[in-house]
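Worksheet: one structure, shown below.
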Amino acid sequence: MMAGVDKFQFAIDRGGTFTDVFARCPGGKVRVMKLLSEDPANYTDAPTEGIRKILQEECGISLSKDQPVDTSLIDWIRMGTTVATNALLERKGERIALVITKGFRDLLLIGNQSRPKIFDLEIVRPEVLYEEVIEVSERVVLHQKGCRLSKAMNSETLKGSTGESLDLWCPLDFKTLQTELQRVLEKGIQSLAVVLIHSYTWSKHEQEVGELAQRLGFQHVSLSSEVMPMVRMVPRGYTACADAYLTPCIKRYLTGFRAGFKDVLKDVNVLFMQSDGGLTPMKTFNGSRAILSGPAGGVVGYAVTTYNEESKQPIIGFDMGGTSTDVSRYAGEYEHVFESTTAGITIQAPQLDVNTVAAGGGSMLFFRSGLFVVGPESAGAHPGPSCYRKGGPLTVTDANLCLGRLLPDYFPKIFGPEEDQPLSKRDTLREFQKLTDQVNSFLENQSQHVSNMTVEEVAMGFIRVANEAMCRPIRALTQAKGHDTSQHILACFGGAGGQHACAIARSLGMKTVFIHKYAGILSAYGMALADVVHEAQEPCSVIYGPESFKLLDQRIAVLKQQCITSLQGQGFQKAQISTEAFLHLRYERTDCAFMCSAKGYPGNENFCHEGDFRTAFCLRYLKEFGFTIPERPIVVDDIRVRGTGSSSIHCEKQLKPSGLPAQVETMTKCYFENGYLDTNVYFLEDLTCDHIIPGPAIIIDKNSTILVEPECTATITEFGDIQICVDREKIPVIGTELDTIQLSIFSHRFMSIAEQMGRILQRTAISTNIKERLDFSCALFGPDGGLVSNAPHIPVHLGAMQETVQFQIKNLGQDLVEGDVILSNHPCAGGSHLPDLTVITPVFRKGISYPVFFVASRGHHADIGGITPGSMPPHSKSLEEEGAVFTSFKLLKGGMFQEEAVTEALLAPGKIPGSSGTRNLHDNISDLRAQVAANQKGIQLVNELIDVYGLEVVQAYMAHIQANAEVAVRQMLKEFAVRCRKQTGVQTGLLEVKSEDYMDDGSPIRLSVQINEKEGSAVFDFSGSGYEVIGNCNAPRAITLSALIYCLRCMVGQDIPLNQGCLAPVKVIIPKGSILDPSAKAAVVGGNVLTSQRLVDVIFKAFGVCAASQGCMNNITFGNDNVGYYETVAGGAGAGPYWHGQSGVHTHMTNTRITDPEILEKRYPVILQQFQINKGTGGTGNFCGGDGVIRQLLFRDNVVLSVLSERRAFRPYGLYGGEPGAAGLNLLIRADGRTINLGGKTSVELNPGDIFHLQTPGGGGFGLYEEDGTSKRTTQTVSQKDKTTECFQERGSVYEYRRTQETV
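Counted the way the working numbering counts, the sequence shown spans residues 78 to 1381.
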């Protein structure tokens, strides 16, 4: 694998728009080239064309485009390609079929049952990758000690690869399978994905399916047990589907690529970049490991060129392109994730943690309700930004052009309809003038009128907002793992990042920006620098300890040898090969696993031969979460070995000092905070290592434009790279009057504070509910207790915390003093249900006697006592039966944590007959301390804002941001009034809409909405709603407000700050003593999870927005003395005026993920027999409601089953002639064959062999069914809206974290 110095070496990144080529020529000369990835008029394949051009130009020979390229002069080719990513994004992969265990045909459609965007009523799920599903009769179940099923006792016992024992319940039905496979083949489908339950440990059935399929003629078969043998059926199934869908596309591309060369590249070493940052031979390059092929090259590029082994200062990679911005981190080791979602498909495979966090240069600019908004919509390549001369929208690129930061004279003339004109600054300025007029029109209508804004001020505002939007996820990426953002270097690459790097670094407190000389093609350059990697991995299921060390050492040795053998087969000498072993470790009874290397922790006789994995794991856990759990066993889930063959090249040439001043190409004027400044323009190729460039300046490279801002200084390094020293941010002096730019920036800052509080809470909490399920919210409140910002947006928390804070202000008054921290959960004090404990900290400033603002955190505690474990009893009749109650409890007094008093209060329910105190006191206390710590972080961050801007300014912008939300809601109410008058034809008099619906016990929920269309205000009057009920479906007032805010946000239809301002235009009337404002002693647990859903149905019915969704969360709990489990189950979504309802998904006030079937069966005494869509349960109509699901559980031991559900009597309504969805049904099938209807709410003892059969409600239909067949019952995956823009596809650990928060 030594470099052939007398031959050409090519490293190529084939991107979606451009293909970048880095070539090292004989003698060491370097060539770089950028060409269009698709240009069918001139060439069939861009990488081949790039190689042909360079060979032709450097060798002075003519190479015909029509003839294969001569390979005699080529040493190696390394490539990254977006072929797989584009096929996945555009759903243009191979036609495939899925083979899955019987009972699970819709498992990959349902997925984890959460919806992608919680405020979108039209739920758009990514399309599944398969066309056909074959359910195969076969079943193995994990052997469980204490299982009391006779079937388990009489079945054959198998041994899995993890060491786990399994019982064979049903052998593979070959005959039926063969018939089904033949049927699929006859449809022209030749690629197959196979996922069978528990195949991660026992793969024989999958192997038998694969052998049969190949005998029958399938061209490609992806077995989940081979593609990625990790536990969890759903992501493993997605991964197998992605592999079957993408690998044939890659193979076709590779065949075409090879055909462009003589002897199909027979003697040329061709390597492809994988998602993990390692190169692999062409023959082993496959779909599931190719998703980040291009971006991975960029990470390797900046890691190798920027990181200094001596200083060890960590790097943030910042790759800003046209449609999106990628952010990653490097601190001496590549940071990998082992499960990531791309285009809606979760893939289990090692991938670099590349976070696509924001839109790029093509991000569209909007002014909405007084707020500057950037993206997420992008103009794309066509029509592109306004300056592209194709009638496109205003974008970030236009803003930079408007401010003079991009110079049209130095861009190629490739724009306009004929693609022969320069960038058009005139078009940009024309569109910005229109937008500026819109901004000034808004400002003129404000009570505090400020001076009009200029075009440049508006453009500069959008740049600042775009920068702040990109800073937020960078903070999240670093702080999530306990790192200080300001201590990093910002490594900038990609086409658009150079214009923003200084500003972003300054905002984040970073002192250095590094831009490599090949920054414009760094992904291609990274391919040249990368090593060849071979990975081997297998599942495991042992406790890490002395008794398992021998097994672990043996398995690691086997996997090491696999890696070494593979790399030696590629020509590497032993001295070039290194291996590193990893164990996938987690604490028992938790889900948070880390892939840990023992590098730096040498082993001895007390540890594995490879090293001390326990110390490595514990130190990493401590770094990320602030504590360890010493008494808890550590479980090994997987064993992994990464083998590396060192093959990178080094072609950095030192520059010679010129001894002359830097040559200025021209001077231009650029707009900055203080107006236009003279700005020197330089060509990077004219600069050398003795040149220092003071800002402001523009440095132009062939592929990018770099802005050196005022007070920053650029230095050219000895290798020709750019290092910029960034000064500290100079904060502009601003007043309390509304500044729309500052409003947008403060909006991001306030949200960032709430997000950072959440990170601290997650890191320091100990319970699974908060640490792993992320069932919490953190929020910032103004001096009046009004909500300013709340993160994450859990619907049921949205309005409730504000009520809690304002109750404390009213209730405690002067008794609220510095050093106090309040604990509250009582429904009358703004609580939702008792397990949600809210910790509130008032914040005082020196010399001010009253709180200047408040911070609060609300976390769901797994148990706080009561009559049932979990504190969610289905049959509670009073509040005291549901657990410990706190109204205005001082958790801290004078800064001292009141542990004794809070312990006594948490144990108090045990004094009530039939009830218990908290069953998990240790976790309660630990989590309460974590909530206090989270509040303290919020206080610190707001105080920092106050220190910079002053108290009056910060409080003013708290009020401004609330007013901004108010503007958006008022506008929505005015628009609704206009539509309503138009539809009804009634142009005068009071505008009033009404609706009602019923709980299953007959209790009505009634709503009258009177709208003042002139003011954009409304009165929501729930008078006439039912009385408080004897059960627990009473909803505290805070729940009604949360449901109302959720509905208002959905109807606004765009991102707005979710705060007190949403309710400012609204007066809410709720009758005392009703089911919506019950007495202080009423049971409320069902109100939180059931009545909240009916409230949403009633509000949407009044506004005619959409038909009813399932209207239920289907709360299922079971347990015994040894184990307890809780889940909520998806159903059908309601149809709307232009969409079909989605099937098998959570709706409205919940978005909870469901436990994977393999984890469920591994940890609990239950077998999941069926989980699929219940076809035909959605209401018919012009647009049909979504279908509910069937979920069937077989119990292996004695348990108590509790069910808390609704819509078992009253069906989800249809609208405008649409039919209602089907009601739900809860059945108990006893082991003796009896079938019993359990009703909506019950608690029942089950015996081994009993089956719980759940059918969840469907969604209502919308509009009359058209007899001409225009209404079709479909699984809606693609929006019916006309999509003229594209949005960037988020991915990475930051995105996964937020999605987890939003699926609580």
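A virtual CB, placed ideally from N, CA and C, is assigned to each residue, including glycine.
- The DSSP-derived three-state label of Met1190 is coil.
- With contacts defined by Cβ atoms closer than 8 Å, Gly1326 and Ala1299 do not form a contacting pair.
- Excluding its 5 nearest sequence neighbours in each direction, Lys106 has C-beta neighbours in its own chain below 8 Å: Glu135, listed in chain order.
- With fewer than 16 other CB atoms across the displayed protein chains lying within 10 angstroms of its CB, Ser139 is exposed.
- From the listed residues Ala658, Ser821 and Val609, the smallest Cα separation to Ile1133 is found for Ser821.
- Sequence-distant Cβ neighbours of Asn529 in its own chain, meaning closer than 6 Å and more than five residues away, are Asn517.
- Ranked by Cα distance from Ile801, the options Glu976, Met587, Thr845 and Leu644 are led by Met587.
- Counting C-beta atoms within 10 angstroms of its own C-beta, Arg1311 has fewer than 16 neighbours from the protein chains shown and is therefore classed as exposed.
- Looking at the DSSP output, Leu1125 shares a beta bridge with no other residue.
- Annotation for Leu857: the continuous beta strand (DSSP E) segment containing it runs Phe853 to Phe858.
- Taking the C-beta atoms as reference points, Gly907 is found no nearer than 8 Å to Ile944.
- The residue from Arg552, Ala1141, His1037 and Leu293 with its alpha-carbon nearest to that of Leu815 is His1037.
- With fewer than 16 other Cβ atoms from the protein chains shown falling within 10 Å of its own Cβ, Glu624 counts as exposed.
- In the DSSP assignment, His661 forms a beta bridge with Met672 and Asp715.
- Within the same chain, and ignoring the five residues on either side of Tyr748 in sequence, the residues whose Cβ sits closer than 7 Å to its Cβ are Leu480, Gly481, Glu533 and Met537.
- The beta carbon of Gly468 lies closer than 6 Å to those of Pro460 in the same chain, with the five residues before and after it left out.
- Contact annotation: the region 1224-1244 touches the region 1264-1281, with at least three C-beta pairs closer than 8 Å.
- With a contact defined as Cβ atoms closer than 8 Å, Ser463 and Pro453 miss out at about 18 Å.
- As computed with DSSP, Phe591 is found in a beta bridge with Ala568 and Gln800.
- Rounded to the nearest angstrom, the gap between the Cα atoms of Ser299 and Leu269 is 6 Å.
- Taking the CA atoms as reference points, Leu1315 sits about 18 Å from Gly1079.
- When the five nearest sequence neighbours on each side are left out, no beta carbon in the same chain lies closer than 6 Å to the beta carbon of Glu303.
- Boundaries of the alpha helix (DSSP H) around Leu132: Ala123 to Cys136.
- When Phe488, Glu1069, Leu1018 and Gly180 are compared, the shortest CA-CA separation from Ile274 is found for Gly180.
- With contacts defined by Cβ atoms closer than 8 Å, Val451 and Val542 form a contacting pair.
- Burial is judged here by how many other beta carbons sit within 10 angstroms of a residue's own beta carbon; Gly188 has at least 16 and is buried.
- Counting C-beta pairs closer than 8 Å gives fewer than three between the region 334-343 and the region 382-402, which falls short of the contact rule.
- By the beta-carbon neighbour count (other beta carbons within 10 angstroms, threshold 16), Glu665 is exposed.
- With a threshold of 16 other beta carbon atoms within 10 Å, Phe704 falls short and is exposed.
- In the DSSP secondary-structure assignment, Cys640 is not bridged to any residue.
- The Cβ atoms of Gly1208 and Val1266 lie closer than 8 Å to each other.
- Per DSSP, Thr1319 is one residue of the beta strand (DSSP E) stretching across Lys1318 to Leu1323.
- Here Arg202 is buried. Its C-beta has 16 or more other C-beta atoms within 10 Å.
- Counting along the chain, the unbroken beta strand (DSSP E) around Val1145 starts and ends at Val1143 to Ile1146.
- Pairing Lys954 with Gly1108 gives a Cβ-Cβ distance under 8 Å.
- DSSP places Met397 outside any alpha helix (DSSP H); the residue lies instead in the beta strand (DSSP E), whose first and last residues are Ile392 to Met397.
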